[in-house]
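S.K.: Chains as they are written, first to last, in our numbering: chain A, 1 to 531; chain B, 1 to 154.
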Amino acid sequence: MNIKVGMGSCGIAAGAGDIFYNLEKAGLKPAPVGCNGMCNLEPIVEIDGKMYTQVTDIDEILNGTKLPLETKQNQSRIALRNCGNINPENIDEYIGSGGYAPLNLTPEEIIGQLKVSGLSGRGGAGFPTWFKWQAARDSAGDKKYVICNADEGDPGAFMDRAILEGDPHTVLEGMIIAAYAIGADEGIIYVRAEYPLAIKRLETAIEQARERSYLGDKFDIKIKAGAGAFVCGEETALIASLEGERGMPRLKPPFPAQKGFWGKPSNINNVETYANIPWIIQNSGMAANTKVFALTGKIVKGGLAEVPMGCTIREVVYDVGGGITGGKEFKAVQMGGPSGGCIPASLQDTPITYEALAATGAIMGSGGMVVMDESSCMVDMARFFLDFTCKESCGKCVHCRIGNRRLLEILERICDGNGRENDIDLLEELSEEIKAGSLCALGQTAPNPVLTTLKYFKNEYEDHIKNKKCPAKCCKPLLTFSIDLTKCKKCSLCVKRCAADAIDDFTIINEKCTKCGICADVCKFEAVNVT
Amino acid sequence: MNCNCAEKLKQKLEPFLKNYTEGSLIPILQKAQEVYGWLPDDVLEHIARKTGVKPAKIIGVVSFYTQFRTKPVGKNLILLCQGTACHVNGSAEIERVIRDILKTEEGGITEDGKFTYNNVACLGCCSLAPAMMIGARTFGKLTRESVVEILNEY
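Laid out in structure tokens, this is it:
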């Protein structure tokens, strides 16, 4: 029996560790595999190709009372080709799937194939990968570095974590090919400290690759754990952090390909970019025309989806993601994390390409896709992202450090019901100035969530400011709770659950009410009105 | 804040301090935090003396990265995810419940010394939103009720 258990971080959190242990105890030999993308169905056990989902009791699958999943998700997998299929802690399985194939190409031919494939940086910026490699190759110097950016900091994104946990060897092989192409002898993976399992599996993979001499004298890789700073995803900040400094970006040029780590030419790519490279080289420069997305939020089948470029947002949300939870209405999708923007449901037929997404005001980004329904307030979303960027701004540029703080204050007062008449104009003006006055992408893109929500959901801002109402019923200070006595059956459940003691004789006392919403949640008769 | 820790603890750091090379300050600080649980002033001074890195620079690095703590924490550290998916799924309400139960603000220690909670950017378990970690364990799909049950287990 060939048994695989999905043992990514999310699988383990859902209880895969216990399942694995129980299978072993039953005398079976399960193999741990990485995330296969169906996070909503964890823990997942695969036996001889049959997939059992949301497993709680192994007896149910062994005695046949639990039925396997009928169809697998329809995806085109390149970067994730091995995730969930092979044991990430066993190099032989990676080799068996075609990995570490001998390279019979010159460095120039490799860069040429990358150029033909059209691979662009999957970390967000979408810069042509071959160009970076060529620049690093052309830079003079006897010491060069290959760096992997695994500092996946976008809230709502976990593509890189899944690749590192599920198929670490493909990242190593991508880096080995890069080192050969540009002439580097040292590689560094800068990975988030919040990803302990990814670090552990990378360490195992590096050890195994050294034993087989894929790594060693000519080129070796070491891991550096990041210390928690979103801005370190910016390549010059990442280099500063590797050098033991505060991770603050610097002006480019010189680009890292010319002057990078310790002043030497360095090539920096993201995890997903490296994961595509062995596949491209094996297929002689075929276009790796997919992008991995982390599909989360109010979606039925949240998880990882690798979809072909050019498919529409609608296809991802409905065909791959199964639509919106609770039968609610699809309102918007947030793409590209704090640097990206909100795309409204009315534009859901936008094809997923770098250009089409940029035209909406959002960006492709690293692949976070947070789906929102009618209960998500767009002003609150903008406030949420600004709060994040304010905390993560390194403080070097005045516009980013202080300008974003002012943007946040304006958004906070709008959400609190203290918005002023000219606040919308002020937000727009300030946003443009921050974009113009910041050095790195963090500051230049920080106002994007504000600008896109203003562009598509201006009426929500106006409702908050002029009518002191939150149409999504999300901004608590703007809500009023009351009990409809015609529906109320006087069961007293709300009275019992109210922590503020604010319900007296089935009437809510506004002065005492903390607007936690628990009364509305527990009422079985929908007698609590929220306005 | 000083820890006045025993010399024995400082010795645990010796092998790392001895091998200090330019650029390895962050791994040393990470190691120190692993040993002490946080970064007390006297330990940072000790690191400065041994490595020759200026104390001001060390404080600069420590204050820059969110991983480093300059205050002690409770026995169990709760990391409450405030990523986008968790936010959309109601992490603010979960935080309110935790604050009510623990009767402490973010970063503080509960009276019985058992808990400290911190908000974190994203744990990467977005499909389990809202989620939190206590120690190495991850808890997902939190509700007002499940949070109470989980905290009672500790």
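Glycine residues also receive a C-beta, built at the ideal position from the N, C-alpha and C atoms.
1) For the candidate residues B/Glu106, B/Lys71 and B/Gly124, whose alpha-carbon lies nearest to that of B/Gln33?
2) If you measure beta-carbon to beta-carbon, which residues of the segment 67–92 of chain B are closer than 7 Å to chain A?
3) Can you find the residues in the same chain that come closer than 7 Å, C-beta to C-beta, to A/Ala472, ignoring five residues on each side of it along the sequence?
4) Determine the chain B residues that contact A/Tyr195 at a beta-carbon separation under 8 Å, and present them in chain order.
5) Anything in chain B within Cβ reach of A/Asn40, meaning under 8 Å, just list it in chain order.
6) Between the segment 347–363 of chain A and the segment 140–154 of chain A, can you find at least three pairs of beta-carbon atoms closer than 8 Å?
7) Need the endpoints of the alpha helix (DSSP H) that B/Val148 sits in, please.
8) Looking at the unbroken beta strand (DSSP E) that takes in A/Ser266, where does it start and where does it end?
9) Once the 5 residues before and after B/Lys50 are set aside, which same chain residues still bring their CB inside 6 Å of it?
10) Please list the terminal residues of the continuous beta strand (DSSP E) segment that includes A/Gln113.
11) Quick one, which residues of the segment 281–304 of chain A are near chain B if we go by CB-CB under 7 Å, in chain order?
12) Who are the neighbours of B/Val35 on chain A, taking C-beta pairs under 9 Å?
13) Report the start-end ranges of each alpha helix (DSSP H) in the segment 208–259 of chain A that is 4 residues or longer and not cut off at the edges.
14) When the cut-off is 7 Å and only beta carbons count, does A/Glu543 lie next to chain B?
15) Among all the DSSP beta bridges, which residues are the ones paired with A/Pro30?
16) If you measure from the beta carbon of B/Ala48 to each beta carbon in chain A, is any gap under 7 Å?
17) Between which residues of its own chain and A/Leu485 is the CB-CB distance below 7 Å, once the five residues before and five after are set aside?
18) Between B/Ile59 and chain A, is the shortest Cβ-Cβ distance under 7 Å, so that the two count as touching?
19) What are the residues of the segment 331–351 of chain A that lie near chain B, defined by any Cβ-Cβ distance shorter than 8 Å?
20) Is there a Cβ of chain A sitting closer than 7 Å to that of B/Thr51, yes or no?
21) Give every residue of the same chain whose Cβ lies closer than 7 Å to the Cβ of A/Lys252, excluding the five residues on either side of it in the sequence, and list them in chain order.
22) To the nearest angstrom, report how far apart A/Arg406 and A/Asn104 are at their CA atoms.
23) The alpha helix (DSSP H) spanning B/Arg155 covers which residue range?
24) Going by C-alpha distance, which of B/Cys122, B/Val88, B/Val73 and B/Glu22 is nearest B/Ala48?
25) Expressed to the nearest angstrom, what Euclidean distance is found between the alpha-carbon atoms of A/Asp425 and A/Glu272?
26) Note down, in chain order, each residue of its chain lying with its Cβ closer than 8 Å to the Cβ of A/Ala356, except the 5 sequence neighbours on either side.
27) Hey, would you say A/Glu46 sits closer than 7 Å to A/Lys115, going by beta carbons?
28) Spell out the partners DSSP gives B/Gly83 in its beta bridges.
29) Going along chain A in order, which residues have a C-beta closer than 8 Å to the C-beta of B/Arg96?
30) What does DSSP give as the partner residues of A/Ala150 in its beta bridges?
31) So is A/Arg210 buried or exposed if we call it buried at 16+ other beta carbons inside 10 Å?
32) For a minimum of 4 consecutive residues, which ranges assigned as the alpha helix (DSSP H) are wholly contained in the segment 361–439 of chain A?
33) Is B/Ala85 buried or exposed, if buried means 16 or more other CB atoms sit within 10 Å of its CB?
34) Using a cut-off of 8 Å between C-beta atoms, extract the partners of A/Arg161 located in chain B.
35) Output, in chain order, the set of chain A residues within a Cβ distance shorter than 8 Å of B/Ser24.
36) Let me know if A/Glu173 comes out buried or exposed under the rule of 16 or more other beta-carbons within 10 Å of its beta-carbon.
M.R.: Short version:
1) Answer by Cα proximity: B/Lys71.
2) Gln67, Phe68, Gly83, Thr84, Ala85, His87 and Val88
3) Glu374, Ser375, Ser376 and Cys377
4) Gly124
5) Ser127
6) Too few Cβ pairs lie closer than 8 Å, so no.
7) Arg144 to Glu153
8) Ser266 to Asn270
9) Around B/Lys50, the same chain offers Leu17 as residues with beta carbons nearer than 6 Å, after the five sequence neighbours per side are excluded.
10) Run containing A/Gln113: none in the beta strand (DSSP E); it sits in the alpha helix (DSSP H), Pro107 to Ser117.
11) Ala294, Thr296, Gly297, Lys298, Gly302 and Gly303
12) Neighbours of B/Val35 on chain A: none; closest Cβ ~16 Å, over 9 Å.
13) 235–242
14) For chain A, the structure presents residues 1 to 531; residue 543 of chain A sits outside this window and is missing.
15) In the DSSP assignment, A/Pro30 is bridged to A/Ile3.
16) no
17) Phe506
18) So no, B/Ile59 is outside the interface.
19) Gln334 and Gly337
20) no
21) Thr236
22) Cα to Cα, A/Arg406 sits roughly 56 Å from A/Asn104.
23) Nothing about residue 155 of chain B can be read from this structure; chain B reaches only from 1 to 154.
24) B/Glu22
25) The alpha-carbon separation between A/Asp425 and A/Glu272 amounts to approximately 39 Å.
26) Thr350
27) no
28) Answer by DSSP bridge pairing: none, since B/Gly83 is not bridged.
29) Residues of chain A whose Cβ lies closer than 8 Å to the Cβ of B/Arg96 are, in chain order, Cys516.
30) Note: A/Ala150 sits in a beta bridge opposite A/Val191.
31) Residue environment analysis places A/Arg210 among the exposed positions, since fewer than 16 neighbouring C-beta atoms fall within 10 angstroms of its C-beta.
32) Qualifying alpha helix (DSSP H) stretches, in chain order: 378–392, 404–415 and 423–437.
33) buried
34) Gly124
35) Gly244
36) Burial state of A/Glu173 is buried, judged by a 10 Å Cβ sphere holding 16 or more other Cβ atoms.
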